[in-house]
Amino acid sequence: MKKLIVSALALIILTVAPLAAEGDDPQKSVCKEYGAFNIFASDTSALLISLDDALNSALSNNLALNVENFRPQLSGTVVEKEKARFDPALNAELSGSERVGKSLSQQGRLNDSISNTTNAAVSLEQLTTSGTRTSLELSQSRSRSATTNDLYATRLGLNLAHPLRRGAGRAVNLVSLRKAELDLDWSEFELQGFVLGLAARVETLYWQYYLRLRQLEIVSESLELAKRQREETGRRIEAGSIAESEAAAAEAEVALRYEELINAESQAVTAAVALLRAINHDSENFWKLRPELTDAPLLRHPDELDLDHHLQTALLKRPELAQAKLLSQKDALDVVQSANGMLPKLDFFASIGKSGYADALGRSARFDDHGSYDINAGFIYEISRGRRAARAELRRAKTSREMRLESIRNLEQIIKEDVIQAFIEVKRTIQQMTATAATSQKQLEKLRVEEVKFNVGKTTAFQVAQAQRDLTAARIAEVKAAVDYTNAIIELFRADGSLLERNRIALESR
């Protein structure tokens, strides 16, 4: 499995290719006034931002991503800690003792007895992956008393302890290290999933803000149209061509448009704040600079829109599924460890040493014929009656692994359902774009007809206002359908796990 290092600096945007790329004539936001909801520091300055810029800024500055960034680093420390178990360890010891007592002489007299000893030792110890523990030790001691001269002793020894049954072999001794490595991989997939969700969220917020700006623009135009219709109605009332009662409908329509404008302004500012929070261009004052979009949805079909292809891609690239499989591997390691725990403890141990003695420190380390040697070897055997705890642990490990495998199959179904629903939504929005475009065109024709009829006195101001409302709703629905289609494509690529790759967002390999 390809491993990834995912940190804030390792998130490299090669060349972000947005799902909804900007067209040849990008449409900038034209609604710069937000009424009472304007919280931005300046009406004249704006943050020009493309979809590329939004993704780059979010992957570099998003605070939630910075928090998630620490998790693989923490998991990496556990791996290093487990590897350190097999590092050689150097130990040193220095001690001294003195004893004051009484001794009985051959003449039967009680004499003072004074002795002292000084000991120094240094050893090199290492545990191997097979379970063998070896140590090489060099020790020296000096002993003296009131009745004898100084005696120096030097010993060089080799100790060995090797498990023959329980705890024997690389498979069981590397379990904790393998688990730590799997936890590291898990945390990296966790971060990959977070980045995947963040990229999808930023794109969605970008187009949501675009929708709110277009909605505000349409509502503003509708308000101006209602005002002109009110003026026209007033002129026709003054001319006596229509009744004065028609003024009420025109005034009501203007009031209604003001209501819609208030809602549109609030929604636009709310969407702007959400986008600014996600990209986090300025942590302390992220909301103070008004964002101005430079990209517009480019309504095109994706290169690949095959359900089977998206399903297969999801099973390969969804981070959640990769994480579940890593947990299954950890369960398999638990089975190995528990099965080894069923074995009796049978350890072989041995030690061999050579000692030298002299009345001077330097001569005691010559290990000549006046020295001595020691050899010790044997076995340690241990077994619990019934081994109920070990058997229960083994059953638990096997059951946990079976449960994990079932959960993986369930997760695969959930992911497939997720992809299918996203695929259906793409198909729906494609049809919806065609339908809303046709509706918008028909509503425009309907308004023209009503205006002509109003000019010749064959309809009322209320009918014209209703046609205006219908056209406004149709235009908003048309823009919403385009944004919904763009978001549906984003969701489909998020669902199959290919969103980062399609946006050319690369994670640096470890």
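Numbering (my numbering), first residue to last: 379 to 888. C-beta atoms are modelled at their ideal positions from N, C-alpha and C, and glycine is treated no differently. All values derive from a computational prediction rather than experimental measurement.
Original post:
In the structure shown, what three-state DSSP assignment does GLN405 receive?
Top reply: Residue confidence for GLN405 is low, a pLDDT of 40 falling below 50, so the modelled location carries little weight; the figure read from the coordinates is stated next. The answer is coil: DSSP assigns GLN405 none of H, G, I, E or B.
Original post:
By Cβ distance, which residues of its chain are closer than 7 angstroms to SER407, with the 5 residues on each side in sequence left out?
Top reply: Because SER407 sits at a pLDDT of 40, beneath the cut-off of 50, its placement in the model cannot be relied upon, and the following sentence gives the value as read from the coordinates. Taken in chain order, the residues that qualify are LEU591, GLU670 and LEU671.
Original post:
Which term fits ARG779, buried or exposed, when burial requires 16 or more other beta carbons within 10 angstroms of its beta carbon?
Top reply: buried
**OP:** Grab the span of the beta strand (DSSP E) containing ILE758 for me, first residue to last.
**Re:** 750 to 760
**OP:** Closer than 6 angstroms by C-beta to VAL500: which residues in its own chain qualify, once you throw out the five before and the five after it? Chain order, please.
**Re:** Excluding residues within five positions, the ones whose Cβ falls inside 6 angstroms are ALA470 and LEU516.
**OP:** Give the range of the beta strand (DSSP E) segment to which ASP725 is assigned.
**Re:** 723 to 736
**OP:** Just grab the DSSP bridge partners of ASN537 for me.
**Re:** SER513 and SER729
Original post:
DSSP state of SER453, grouped into three classes?
Top reply: helix
Subject >> Proximity to LYS708 [Cα-Cα], best of PRO466, LEU783 and GLN645 >> reply: LEU783
Original post:
From this set, VAL457, VAL804 and PHE726, which residue's C-alpha is nearest LEU552's C-alpha?
Top reply: VAL457
**OP:** Note the first and the last residue of the continuous alpha helix (DSSP H) segment covering GLU566.
**Re:** 553 to 617
Original post:
Between SER513, SER435, ALA646 and SER706, which lies nearest to THR777 when the distance is taken from Cα to Cα?
Top reply: For the residues SER513, SER435, ALA646 and SER706, the minimum Cα distance to THR777 belongs to SER706.
Subject >> Assigned secondary structure, ARG520 (DSSP; H/G/I helix, E/B strand, else coil) >> reply: strand
Subject >> Cut-off 7 angstroms between Cβ atoms - residues of its own chain near ASP528, not counting five sequence neighbours on either side >> reply: ARG520, ARG522 and ASP737
Original post:
Apart from the five residues on each side of it in sequence, which residues of its chain come closer than 6 angstroms, Cβ to Cβ, to ARG668?
Top reply: PHE418 and ALA424
Original post:
Looking only at DSSP bridge pairs, what is SER501 linked to?
Top reply: ASN469 and GLU515, per the DSSP bridge assignment.
Original post:
Of all the options ARG544, ALA498 and PHE572, which has the alpha carbon lying nearest to the alpha carbon of ALA768?
Top reply: ARG544
**OP:** Kindly identify the DSSP beta-bridge partner or partners of GLY474.
**Re:** BP columns for GLY474 point to THR496.
Subject >> Rounded straight-line distance, which links the Cα of TYR863 to that of TYR587 >> reply: 15 angstroms
Original post:
Which term fits ALA839, buried or exposed, when burial requires 16 or more other beta carbons within 10 angstroms of its beta carbon?
Top reply: buried
**OP:** Check whether the Cβ atoms of LEU789 and SER716 sit closer than 8 angstroms, and answer yes or no.
**Re:** no
Subject >> Distance, GLU568 Cα to LEU878 Cα >> reply: 14 angstroms
**OP:** Compare the beta carbon distance of SER435 and HIS659 with 8 angstroms and say whether it is the shorter of the two.
**Re:** Yes. Within cutoff.
Original post:
Among LYS703, GLU624, THR455 and THR526, which one has its Cα closest to the Cα of ILE901?
Top reply: The structure shown does not extend to residue 901, since the chain spans only 379 to 888, so no value can be given for it.
Original post:
Is it right to say GLY535 is buried, meaning 16 or more other beta carbons lie within 10 angstroms of its own, or is it exposed?
Top reply: So GLY535 counts as buried.
Subject >> Buried or exposed (CB count within 10 angstroms, at least 16 for buried), ASP402 >> reply: Note that ASP402 scores 36 on pLDDT, short of 50, meaning its location in the model is unreliable and no value can be drawn from it.
**OP:** Determine, using beta-carbon pairs with one atom in the region 633 to 650 and one in the region 591 to 603, whether at least three such pairs fall under 8 angstroms.
**Re:** yes
**OP:** Under 8 angstroms by Cβ, that's how I've got VAL714 and ALA549 pegged, so tell me the actual separation to the nearest angstrom.
**Re:** 6 angstroms
**OP:** Note down, one range per segment and in chain order, each beta strand (DSSP E) of at least 3 residues found wholly within the region 633 to 685.
**Re:** 669 to 671
Original post:
Which residues bound the alpha helix (DSSP H) around ILE792?
Top reply: 766 to 833
Original post:
Smallest Cα separation from LYS695: which of GLN570, VAL804 and ARG463?
Top reply: GLN570
Subject >> Environment of TYR584 [buried if 16+ CB atoms lie within 10 Å] >> reply: buried
**OP:** Identify which residue in LEU433, SER600 and GLN504 has its Cα closest to the Cα of LEU825.
**Re:** That would be SER600, whose Cα lies nearest to the Cα of LEU825.
Original post:
Just reading off the alpha helix (DSSP H) that ALA462 is part of, what are its end residues?
Top reply: Per DSSP, ALA462 belongs to no alpha helix (DSSP H) and is neither H nor E.
**OP:** Compare the Cα-Cα distances from ILE793 to each of ALA462, ARG463, GLU698 and LEU452 and report the closest residue.
**Re:** The residue with the shortest Cα to Cα distance from ILE793 is GLU698.
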